[in-house]
Amino acid sequence: MRIVLVGPPGAGKGTQAVRLAEKLRIPHISTGDLFRANISRQTELGKLAKSYMDAGNLVPDEVTIGMAKDRMEQPDAANGFLLDGFPRNVAQAEALDRLLQEENIRLDAVLDLEAPEDEVVKRIAGRRICRNDSSHVFHVTYNASREEGVCDVCGGELYQRDDDSEDTVRKRLEVYHSQTEPIIDYYKAQGLVVTISSMGPVDEVTQRALGALKREDAAR
Ligand code: AMP
1 MRIVLVGPPG AGKGTQAVRL AEKLRIPHIS TGDLFRANIS RQTELGKLAK SYMDAGNLVP
61 DEVTIGMAKD RMEQPDAANG FLLDGFPRNV AQAEALDRLL QEENIRLDAV LDLEAPEDEV
121 VKRIAGRRIC RNDSSHVFHV TYNASREEGV CDVCGGELYQ RDDDSEDTVR KRLEVYHSQT
181 EPIIDYYKAQ GLVVTISSMG PVDEVTQRAL GALKREDAAR
């Protein structure tokens, strides 16, 4: 399957993406994770991306689209992928469409994770991620690690993302509403959008998502 995950920052995209990708046996492609990996390796791309990320802005399309394309062209993504955080504006969605058309393939679904604004702010404020792998995500109250500050998966140090500070989160939400939300209408016009609530326990949301994707697949 080829799936795009959308939703505001803090809706649980990263957490659900890891679980869904495992269940569906497709690679999880997160542009945020790719940028963070570049930042920790201190590459030129990482330095550029960090300046935008820390301000809560989108990294420019020229850089982002090329990076996403390179990742999607890796052999493990030949039969499907779960995109998390890409596309994030209509220009990126159009670029993705062109890319898929060149390969004669289509998206199967766009999964839209809904969460109220006060909830996403709470989720982001308590979010902690692992220095070794930013797909290892915890929350100080909703999904606490067994030992405070230590990743359950690999023992790495847990930290708060620089862009999870309150001011940056407000900016990211603003950017989400103005730039990312319009892609939902873009994909609705293609009949691809499946909306679910991301409220409730993590496992329940995963089951809800799998159920919705299965119904969508069966309806095709
Ligand atoms: P995320 O981990 O998905 O919350 O992304 C963290 C930050 O990385 C975002 O706030 C953006 O600054 C940047 N970023 C991630 N994906 C994209 C994208 N598709 N386009 C532009 N910037 C992105």
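Note that the working numbering gives residue 29 to position 29 of the sequence shown, counting from 1, and the numbers run on in steps of one.
Even glycine gets a Cβ: it sits at the ideal position worked out from N, Cα and C.
Enclosing alpha helix (DSSP H) for residue i [first to last residue]
i: ASP54; result: 44-54
i: ARG127; result: Not the alpha helix (DSSP H): ARG127 falls in the beta strand (DSSP E), residues 127-130.
i: ARG19; result: 13-24
i: ALA93; result: 90-103
i: ALA209; result: 202-218
i: GLU148; result: Segment: none, GLU148 is in no alpha helix (DSSP H) and carries neither H nor E.
DSSP beta-bridge partners of residue i
i: ILE65; result: Beta-bridge pairing links ILE65 to no other residue.
i: ALA189; result: Answer by DSSP bridge pairing: none, since ALA189 is not bridged.
i: SER30; result: ASP84
i: THR195; result: ASP112
i: TYR159; result: ILE129
Contact test: residue i Cβ vs the ligand AMP heavy atom, cutoff 8 Å
i: LEU99; result: no
i: THR43; result: no
i: ALA21; result: no
i: GLN92; result: yes
i: ALA49; result: yes
i: TYR52; result: yes
i: LYS13; result: yes
i: VAL18; result: no
i: ALA125; result: no
i: GLY56; result: yes
Residue environment, residue i, which counts as buried when at least 16 other CB atoms sit within 10 Å
i: ASP164; result: buried
i: VAL153; result: exposed
i: HIS136; result: buried
i: ASN89; result: buried
i: ASN38; result: buried
i: ALA15; result: It should be noted that the sequence gives Thr, not Ala, for residue 15. THR15 is buried by the Cβ-count criterion.
i: PRO201; result: exposed
i: GLU103; result: exposed
i: SER30; result: buried
i: GLU216; result: buried
i: LYS13; result: buried
Proximal residues to residue i (C-beta, below 7 Å), its chain only, five neighbours per side dropped
i: ASP162; result: ASP54
i: VAL193; result: VAL110, ASP112, ILE184, TYR187
Cβ shell of residue i (< 8 Å), same chain only, five flanking positions each side left out
i: GLU119; result: GLY10, MET199
i: VAL63; result: LEU45, LEU48, ALA49
i: ASP61; result: ASN89, ALA91, GLN92, ALA95
Extent of the continuous beta strand (DSSP E) to which residue i belongs
i: ALA109; result: 109-114
i: ARG2; result: 2-6
i: GLN140; result: Reading off the sequence, residue 140 comes out as Val, not Gln. Run containing VAL140: none; DSSP gives neither H nor E here.
Residues near residue i in its chain [Cβ-Cβ closer than 6 Å; skip 5 each side]
i: VAL169; result: ILE124
i: ALA21; result: HIS28, LEU82
i: SER134; result: ASP33, ARG36
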